[in-house]
Structures are given as structure tokens and as C-alpha cells.
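*Asks:*
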Amino acid sequence: MNTQHPFDRKHGSGILHHGGRLREAAICFDIPMKQWLDLSTGINPNSWPVKIPPASTWSRLPEDIDELNAVACRYYGADALLPTAGSQAAIQILPQLRPSSRVGVLTPGYAEHAAMWRRFGHTVTPLAPEQISSVLPETDVLVLIHPNNPTGATFQTSQLMAWHKRLIESGGWLIVDEAYMDATPESSIVSYATKPGLIVLRSLGKFFGLAGARVGFVCAHSELLTALNHRLGPWAVSTPARWMAIQALLDSDWQHTARQFLQQAGRRLYLLLSQHGLRPDGGCAFFQWIRCENASELFEKLAYQGILVRLFDDPPSLRFGLPCTDSDWQRLDASLSNVLRTV
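In my numbering, the protein residues as written are 1116 to 1458.
1) Since Ala1195 contacts Leu1340 with CB under 8 angstroms, what's their CB separation in whole angstroms?
2) Using the Cα positions of His1126 and Leu1387, report the straight-line distance between them to the nearest angstrom.
3) Where does the unbroken beta strand (DSSP E) through Cys1399 begin, and where does it stop?
4) Quick one: what does DSSP say Cys1407 is sitting in, helix, strand or coil?
5) Quick one: residues in its chain with C-beta nearer than 7 angstroms to the C-beta of Cys1439, no 5 flanking neighbours on either side, listed in chain order?
6) Between the beta-carbon of Ser1450 and the beta-carbon of Leu1413, is there less than 8 angstroms?
7) Less than 8 angstroms between the CB atoms is what I'm expecting for Ser1306 and Gly1192, so what's the real figure, rounded?
8) Counting pairs of Cβ atoms below 8 angstroms between the region 1369 to 1378 and the region 1217 to 1226, do you hit three or more?
9) Are there 16 or more other CB atoms within 10 angstroms of the CB of Leu1455, so buried, or fewer, so exposed?
10) Could you name the residues of the same chain whose beta carbon sits closer than 6 angstroms to that of Ala1298, not counting the 5 residues immediately before and after it, in chain order?
11) Closer than 7 angstroms by C-beta to Gly1236: which residues in its own chain qualify, once you throw out the five before and the five after it? Chain order, please.
12) Roughly how far, in whole angstroms, is the beta-carbon of Phe1332 from the beta-carbon of Leu1197, given that I think they are within contact range, below 8 angstroms?
13) Compute the distance between the beta-carbons of Trp1288 and Gly1267, then report whether it is under 8 angstroms.
14) Once DSSP output is grouped into helix, strand and coil, what is the label at Leu1197?
15) How should Trp1404 be labelled, buried or exposed, when 16 other C-beta atoms within 10 angstroms of its C-beta is the threshold for buried?
16) At the level of alpha carbons, what is the spacing between Leu1384 and Asp1441?
17) For Asn1409, which residues of its own chain have a beta-carbon under 7 angstroms away from its beta-carbon, when the five flanking residues on both sides are left out?
18) Quick one, which of Ser1452, Ala1229 and Leu1319 has its alpha-carbon nearest Gly1392's?
19) May I ask which residues mark the beginning and end of the beta strand (DSSP E) holding Arg1217?
20) Shortest alpha-carbon distance to Gly1327 belongs to which of Leu1316, Ser1367 and Arg1357?
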């Protein structure tokens, strides 16, 4: 039975829905946008303080010989990478670079991965973490989100590289989406991405809080980057966005402070939810994830309090992003008390 709230399933267009649909929530629940506490995205609420790009960036076409590639390689510890219009651009193009393949995708997870591989004619098998090793001999491409969204599940580097070794023996790929890795960079496998068949995706959207800038990176073997670049075409990332990305990636003081904030806030959110009897089943520094059969009811009751969280249908669950200010934390605390008294 589908228990998902109509807010998340009322469209028949086939478009997948994600967090951050605040304008739609405001209309659906008849609450003005400015009155909402949006915890639906998993994005750092204390985003990098955006600087105004020089006026010249708006009148010049992007040039890929600027400092962006070198700065990004230093930040991520990569030997080579390709800037893209967010990770989403790569997620949509990568399935077009292979013939029909058997693709295993971590589930539950970011739904765009499976959707794009299916769209381009591949056979997609949803996989729980404990299933991966046993099905790898019948798998051409393995797609992981690491840490996983929404469960927060992680894997040891040795395990990831063992899976990669098995896949590459038959010309396969391991794709690792590290959108939420910046808070724990020591767990990244970007430094291995020069190996054929290993593709790592990074983004400025989550850690830096710059989702609207649409800047991401693909770290991979040079041949794959060339093929991907050919499909993307020129000017994939705008000149102002490239300038902004360079400034953010160079700001090591802000990055250090942001990692401390995210780790503390992630733990604080875990404790707050647990105090209300909603002990998380998973999560990471950016969000906490709770499995519950009445997820749709909780989602709706919180929404009528002006608090937007992310609702998942399979399994029934909620993902809570991080409040930003002390008043936001207090509001979430009070709203949970009100809601849970009526559930």
C-alpha cells in the first residue's frame, strides 16, 4: 500500500521529487513560505558566505583553462576531474556511455541514479548493502551513494576497492556518489579515481550549501572524462559559478569551521529526535533518518506546523535535515512535542 502523502505523489509527469520543494509545500498546506522551517534537503544550513562575482563574469563565456580544475583537484585530492552542472548532469550522462548493462543500485538511495540507468535501457537491480557481494558476479555497474542518502550507510575503503577490482575484471564500473563526503574527507576514495572503471562524483551543493550554483565534479580516468566532456558539450558550468566555486574551495578556514559545525549539529539532531522517541535508524553529519510505519502521518502533522521534512515511501521513513539557528532548534523541539502528543 502506498502511504505517501499527496504532496510527494500528486504529479503524473514521471518526474522524481526531492527535498526543497518549499514553494509547493506553501501552496499545498496554505502556509506562506517565510513561515516555514525547511529541513527537507540535507543541505548545510550555514552555507559558505557567498561573495559577489566580478561584473565581467556575467559577460564572458566560461573558459575551462581558469583555476577551477587545479583548485578542485587540490581540495578533493584528485589527479583529474571534470566540472559539471552539479552531480545531476553526470548522473544523466553516464548511462549513455555504456551499452546495455546490468546495474546494481544501493537502495533506499538517491532515486535519480536508478531512474537514469533505466531510462537508457539498462537493467537495474535495487540492492541492500548486504546483497552487494553475492550479486557482483552478475553485475556490470555498481552505483553507491557514500555516505548513503537517506540511510547514512558507509563502507570501508578496502571493501569498495575490492568490489571495484571484481567489476573491472569484466569491464565493469564502480560509481560512488560522494555528495555528503565533505564532512568526513578522510573516507573519500577520490585518490583512487585514476583507476579505469572507478568514477567518483562530488558536489558543492551539500557541504558548501551552494545547491543553486549547480557545480559538481566527476573524478575518473582521463578517457572517461574525455568521453563525458564530449557528451556535455561546451560551457557546462557558468562563468559566475566557476568563479564562486574557486573562492569556496580555497576557503580552508571556513571549511574547517563547517566540518565542526556539521558534526556537532548531526549529533545534536540525533539526540533531539531520540528524546522524542524517534531514535534515528541512520544518518550522517547532514541529516538523520527514521523508519516508522506512520511516516506519512508524521510528515503531514509536521507540515501543518510549518516544518518540512523529507518523506520516503519504501521503506516508510522520514529524513530530518539540520536546523540552523537556536530558534530553529527550539521550534523543532516544540513542534515534535505537539505532534507526537496527537499521534
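Note that the Cβ used here is the ideal one computed from N, Cα and C, for glycine as well.
*Replies:* On the basis of the data shown:
1) 6 angstroms
2) Annotation note: pLDDT 39 at His1126 (below 50); position unreliable, coordinate value reported separately. Approximately 34 angstroms between the Cα atoms of the pair.
3) Gly1397 to Cys1399
4) coil
5) Pro1160 and Asn1161
6) no
7) 5 angstroms
8) no
9) exposed
10) Arg1374, Leu1377 and Ala1400
11) Ser1215
12) 7 angstroms
13) no
14) strand
15) buried
16) 12 angstroms
17) Val1458
18) Ser1452
19) Arg1217 to Leu1221
20) Arg1357
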